[in-house]
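One rule links them: number in the numbering used here = place in the sequence shown (from 1) + 4. Glycine included, every Cβ here is placed at the ideal spot set by N, Cα and C. Read through the structure below, which is laid out as structure tokens, and then see the notes.
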Amino acid sequence: MTLLALEDCDVFYGKAQALHRVSLEIGPGEVVSLIGRNGAGKSTILKTMIGLNRATGGRRLWKGGDVTALRPDQLGRLGIAYVPEDRRIFSNLSVDENLRIATVMGRKGGWDAARVHKLFPVLRERATQPGDTLSGGEQQMLAIARGLLTNPEVLLLDEPTEGLAPLIVDQLVEAMRLINAEGMALLLVEQNLRVPMKLAHRQYVIDHGAIRWTGTTAELQASRDEIEKLISL
Ligand SMILES: Nc1ncnc2c1ncn2[C@@H]1O[C@H](COP(=O)(O)OP(=O)(O)OP(=O)(O)O)[C@@H](O)[C@H]1O
Ligand SMILES: [Mg+2]
């Protein structure tokens with residue numbers, strides 16, 4: 005069974021077509037990567053999945069049912085969470101307040117404050133600090149924790165490791181591995197192969213708004229030179 009899918013989606017910004025008949029799916033418990041260079045259309049796909057962009061052609065499906073017409077809040081209640089590229093931490097609220105908002109807004113389920121503190125102990129240490137005093141890595145952890153507290157079935161992550169130091173990237177990779185091991189499906193957007201090769205079961209490569217390649221991680225390894233050309237700047 006497929007959890008979330010886009011089927012032949014076209015998306016325009018004004019007259020400019022950003023996505024061309026994009027189809028992509030995520031199964032329960034899967035880690036799927038979406039890889040592409042700057043401006044390829046990765047964020048546009050995530051925004052289409054969560055309902056922030058409207059597709060003019062094509063469909064959005066949730067567990068096989070048509071949810072093309074639903075709004076972001078309705079898709080969130082179905083069990084889709086989105087961690088945007090800019091993280092959108094409330095800078096004037098404390099770490100704890102940022103987390104509490106997600107708890108109030110979200111679905112009921114196994115992810116609570118204790119569990120996100122165990123995953124990211126630094127969020128407990130920084131509980132009373134304003135969001136904007138966190139480092140980039142800590143803000144990313146807070147953004148992921150907020151997503152988890154809404155108890156989704158799939159978490160959409162837009163370039164979670166971009167611009168972070170290698171040590172922090174390793175910590176995030178480990179955290180994503182644990183989150184997935186506990187059953188959550190992840191769609192991971194990245195600009196390069198480094199993190200996707202470590203984490204993902206399946207991969208999609210996008211360029212100029214169209215899916216150019218898809219396959220398993222082992223298949224990607226075998227076609228690595230071809231894929232590197234598609235995503236290099
Ligand atoms: N709100 C918008 N209005 C107009 N054009 C947009 C808008 N958002 C994105 N675009 C354009 O759509 C195309 C795809 O953008 P998108 O943000 O999806 O790319 P991306 O793969 O996420 O890039 P990046 O790696 O820089 O985040 C680009 O040409 C971009 O300039
Ligand atoms: Mg983007």
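Please classify residue 42 as buried or exposed, where buried requires at least 16 neighbouring CB atoms within 10 angstroms. Translated into the one-based positions of the sequence shown, residue 42 becomes position 38. The residue is exposed, with fewer than 16 neighbouring Cβ atoms inside 10 Å.
DSSP bridge partner residues for residue 61 (one or two, in chain order): Your numbering for residue 61 matches position 57 in the sequence shown. BP columns for residue 61 point to 14.
Would you decide whether residue 179 is buried or exposed? Buried here means 16 or more other CB atoms lie within 10 Å of its CB. Looking up residue 179 in the sequence shown gives position 175. Residue 179 comes out buried.
Please say whether residue 23 and residue 54 have beta carbons closer to each other than 8 Å? Residue mapping note: residue 54 aligns to position 50 of the sequence shown, counting from 1. Residue mapping note: residue 23 aligns to position 19 of the sequence shown, counting from 1. In this structure, residue 23 does not lie closer than 8 Å to residue 54 by Cβ.
Closer than 7 Å: is that where the CB of residue 67 sits relative to any heavy atom of ligand 2? Position 63 of the sequence shown holds residue 67. False, no ligand heavy atom lies under 7 Å from that Cβ.
Report whether the distance from the Cβ of residue 89 to the nearest heavy atom of ligand 1 is below 7 Å. Walking along the sequence shown from the start, residue 89 turns up at place 85. For ligand 1, at least one heavy atom lies less than 7 Å from the Cβ of residue 89.
How should residue 46 be labelled, buried or exposed, when 16 other C-beta atoms within 10 angstroms of its C-beta is the threshold for buried? As a first step, residue 46 is located in the sequence shown; it is residue number 42 there, counting from the start. Buried: at least 16 other Cβ atoms inside 10 Å.
Of the residues 222, 84, 184 and 63, which one's Cα is nearest the Cα of residue 35? Counting from 1 along the sequence shown, the entry for residue 35 is found at position 31. Here the closest residue by C-alpha is 184.
If you run the structure through DSSP and keep just helix, strand and coil, what is residue 89? Counting from one through the sequence shown, the residue named residue 89 turns up at place 85. Coil at residue 89, not helix or strand.
Inspect the beta-carbon positions of residue 168 and residue 144 and report whether they are closer than 8 Å. Taking the sequence shown and counting its residues from 1, the one referred to as residue 168 is at position 164. Taking the sequence shown and counting its residues from 1, the one referred to as residue 144 is at position 140. The answer is yes: Cβ separation under 8 Å.
If I follow the unbroken alpha helix (DSSP H) through residue 150, where does it start and stop? The residue you call residue 150 lines up with position 146 of the sequence shown. Its alpha helix (DSSP H) spans residues 140-153.
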